[in-house]
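Residue numbers for the sequence shown follow the numbering used here, so the first one is 140 and each next one is one higher.
Take a look at the structure below.
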Amino acid sequence: MKRGFNLSVITIALLSVGFCVNAADTVKVDQKGVENSAEYRSWGDNDARFRQNGQFNEINAADVKSTNNQMDYRQHGEGNVITQADFEDGGNHTLKMDQKGHQNAIEFNLDRGVVDGDGYNMKLVQDSAAGAGHLLKMELQGDGEKADIAQISGDGPNPVGHRVEMYTVRSDDNNYTIKQYGAENSITYTGMFADNNTVMADQHGRENVIGARLNFVDSSMAKFDQDGQRNQAQLLMVGSGRPMDAKVNLSQHGKDNRLQSFVTMADTSLVEARQEGNGNVLGSAVTAVKDTELKTEQYGKANMISATVSWADSAKVVVRQQGESNMAAANVMMVKESKIKADQQGKYNQANLGLIGINFENAKVEVAQKGESNALGAMVTNAVRSEMLLKQKGVGNQLALGVNGIEDSNIKAKQQGQYNVANLQVVGEGESLKLTTDQQGQMNQLTALVTDVDNAKIRAAQHGQQNTAMLNLNGKDQGTDVAMNQHGSLNAISLMSTAANLWAEIDQNGEYNVVDLETNSNGVGNIIDVSQQGNSNTLSGDQKSGGNTLLADQQGTGNVITFRQTSYGNTADFTQQGTGNVISVSQF
């Protein structure tokens, strides 16, 4: 592999010259017309300047040896081609290429093997006033290369589109920057067996495409930016099996854009993806990475985010959306330690989160929605020593949480506003669950189903009017501690339990409130303490299993207690203070 190459290419026009020079010479060539051809060879310390003006001209540069060659190629016209062959036995070359016109091409060493050398410094510019497309093909191998590529055109009625096709192999410490302006442009990059390379692609216009594949690479960085509409970007980054640090930064501005990225086989990775506009789709996946951080953002309407992390030791996933009618999905699978944070602001938004795996330890999930008619869903399996915080603020929001297999974990759900609904289902295979819910506002609903969790601590609070809270304890639950609290009027609490050794405190403060209790078969040793303060409140219930205790206290006017005992060894203690109160007790 050669060392110390310095290559600069500018493409804005069409030129072709034929020349051969030896040792410290200076050559200037001008060609004007059609189908001209120029060939250049240099064997050391020479300066060459080629100018071609016309159509279908060619410049062929080959057999450049020794060091310090200065080459300047320029073409103006249509259908012109510049071909650069290999450099040999030296370095520190400077190469400038300039094309201007339509349907011109620059080709680096095609069909002759890759351009081999280190220390390239390349600048390539192609310009087209009316949008007709240029082609740039590069096949390179070397270290310390730098390429700045720009293709420029107008946005005409029938744009052909520019194309950049770049292939590098066994190249380290390189930096490639590609910019395209116009419509229907494409960038294709493939890098193989590389380390510490940076690829940056920037497109401005519509219906542009970026595709990059970095295979068997070590530490690398990719940064894509698209501005316009109906653009597409795809990135694949695959590690070599050795330690790799992957950094990915992707952004799109406009509408109806598509963005996808996939990173695998790395020690650490940082993936950042951002879209601004409407109707955009963003998908990002990371797998088989030891420690990863995945950040996704969308701003606008009718956008969609999908973020997935799998088979990692630790993962941090951040999802943020602002606008209307957006959808976000974040899934973490087979990751030992996870941190998920999702934030949506606006209305008609939807967020779905999934933590799926054999065993999650120290997982932290924080989801917040602010606005109207938003929906939040979360599914968690096999969580140990984990924390989940789910928050909604606004009107008409829905929250659904499903947990299957949980131990020594903490779940908090909070809603503020009106017409909000929360549905929580927790199935445990262990113990020590802490579940806290808080709803503030009017006409909110809470439904919680807890199954097979020992030593659970459940707290449910509602503040406002016309709220409903229902708690159902099933299975082999042992030693569950429940406190349910409502402040306001026209509220209702329902507690159903088949658990044993339940301790429950229920407190209502207001008017026209209702408490309904039911302890079914197999539920023994339960103690329930109910307090209602206010007027026109109602307590009803049924003890269907033995060895349970009910303590009930009502203070106010026009309160009613209706209770039945249908088993043995139960105790009920009722107290009413006030005027016009009624108690009805039935024992069977």
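Glycine is no exception: its CB is placed at the ideal position from the N, C-alpha and C atoms.
By alpha-carbon positions, which one of the options ends up nearest to residue i?
i    : options                : result
G618 : V523, E415, I667       : I667
L538 : Q564, N419, S548, N549 : Q564
D547 : N698, N583, L572       : L572
T677 : F189, S628, T705, N521 : S628
Q483 : Q531, T607, G603       : Q531
T407 : A441, Q265, D593, D357 : D357
L279 : H273, E304, Q265       : E304
G300 : R180, H241, E323       : E323
V377 : M360, I288, V264, V220 : M360
Q647 : K683, E657, A638, A599 : A599
V669 : E644, S684, D452       : E644
G418 : Q461, F332, V308, G535 : Q461
A412 : L421, M404, N640       : L421
M383 : L353, D184, E178       : L353
A736 : Y651, N659, H626       : In the structure as shown, the chain starts at 140 and stops at 727, and residue 736 therefore has no counterpart that could be examined.
G416 : A405, A289, E463, I597 : E463
H626 : G673, T696, Q265       : G673
A507 : T590, L656, D169, N491 : N491
N543 : S181, S525, M404, K440 : S525
A602 : N583, D287, A372, A587 : The sequence given here has His at residue 602, not Ala. With distances taken between Cα atoms, H602 lies closest to N583.
H273 : N313, Y320, V308       : Y320
V474 : T435, N521, E436       : N521
N652 : N665, F189, N698       : N698
A424 : V220, V471, S706       : V471
M518 : G541, M527, N613       : G541
R369 : A351, F355, R397       : R397
F247 : V456, M277, V621, Y179 : M277
G485 : G496, K362, R459, S706 : R459
I need the straight-line Cα distance from residue i to residue j, nearest angstrom please.
i    : j    : result
Q726 : S679 : 14 angstroms
T718 : I700 : 14 angstroms
T710 : W642 : 14 angstroms
N175 : Q191 : 8 angstroms
Q715 : V654 : 15 angstroms
I291 : D237 : 12 angstroms
D395 : Q578 : 37 angstroms
V428 : D164 : 55 angstroms
G240 : K480 : 50 angstroms
F713 : L689 : 8 angstroms
K318 : N513 : 39 angstroms
D341 : T447 : 25 angstroms
V156 : T431 : Bear in mind that a pLDDT of 35 at V156, under 50, signals an unreliable position, so the number given afterwards is only what the model happens to contain. Straight-line Cα distance between these residues: approximately 53 angstroms.
A385 : V402 : 8 angstroms
Q209 : D186 : 5 angstroms
S310 : V523 : 45 angstroms
K285 : Q399 : 26 angstroms
G685 : M635 : 15 angstroms
Q693 : Q671 : 5 angstroms
A451 : E500 : 12 angstroms
N809 : K551 : A query on residue 809 cannot be resolved here, the shown segment of the chain reaching from 140 to 727 and no further.
S449 : I349 : 25 angstroms
L768 : N388 : What is shown of the chain runs 140 to 727, which leaves residue 768 out entirely.
N549 : E476 : 15 angstroms
R251 : A224 : For R251, the pLDDT reaches just 46, beneath the cut-off of 50, and the residue's location in the model is therefore unreliable, although a value from the coordinates is still provided. C-alpha separation (whole angstroms): 7 angstroms.
A691 : N488 : 43 angstroms
L529 : Q391 : 29 angstroms
A469 : E436 : 12 angstroms
Q170 : D211 : 14 angstroms
T576 : G439 : 31 angstroms
R302 : E217 : 16 angstroms
So residue i packs on residue j, CB below 8 angstroms; how close in whole Å?
i    : j    : result
G510 : I545 : Not a contact, Cβ separation roughly 29 angstroms.
G649 : N630 : 6 angstroms
V410 : L375 : Contact flag wrong, Cβ pair sits at about 12 angstroms.
G393 : D366 : 6 angstroms
L515 : V504 : That pair is no contact at about 11 angstroms.
Y315 : M339 : 7 angstroms
T222 : N243 : Actually they are not in contact, since the Cβ atoms of T222 and N243 sit about 12 angstroms apart, beyond 8 angstroms.
N313 : G344 : About 26 angstroms; that fails the 8 angstroms criterion.
V168 : A177 : 6 angstroms
Does any heavy atom of the ligand ATP sit closer than 8 angstroms to the C-beta of residue i?
i    : result
K551 : Among the components of this structure there are no ligands whatsoever, and the ligand ATP is therefore not found.
Using a Cβ-Cβ distance under 9 angstroms, would residue i count as near chain D?
i    : result
N611 : No chain D is part of this structure, which consists of one protein chain only.
List, from N- to C-terminal side, the beta strand (DSSP E) runs of 3 residues or more that fit wholly inside the region 534-561. Complete beta strand (DSSP E) runs here, min 3: 537-546, 548-557.
Starting from the N-terminal side, write out each stretch of the beta strand (DSSP E) that is 3 residues or longer and does not extend beyond the region 400-475. Within the region 400-475, the complete beta strand (DSSP E) runs of at least 3 residues are 420-440, 443-463.
Secondary structure, alpha helix (DSSP H): runs of 4+ residues fully inside the region 626-652: For the region 626-652, not a single whole alpha helix (DSSP H) run of length 4 or above is found.
Contiguous alpha helix (DSSP H) assignments of at least 4 residues, all confined to the region 566-617: Fully enclosed alpha helix (DSSP H) runs of 4 or longer: not present.
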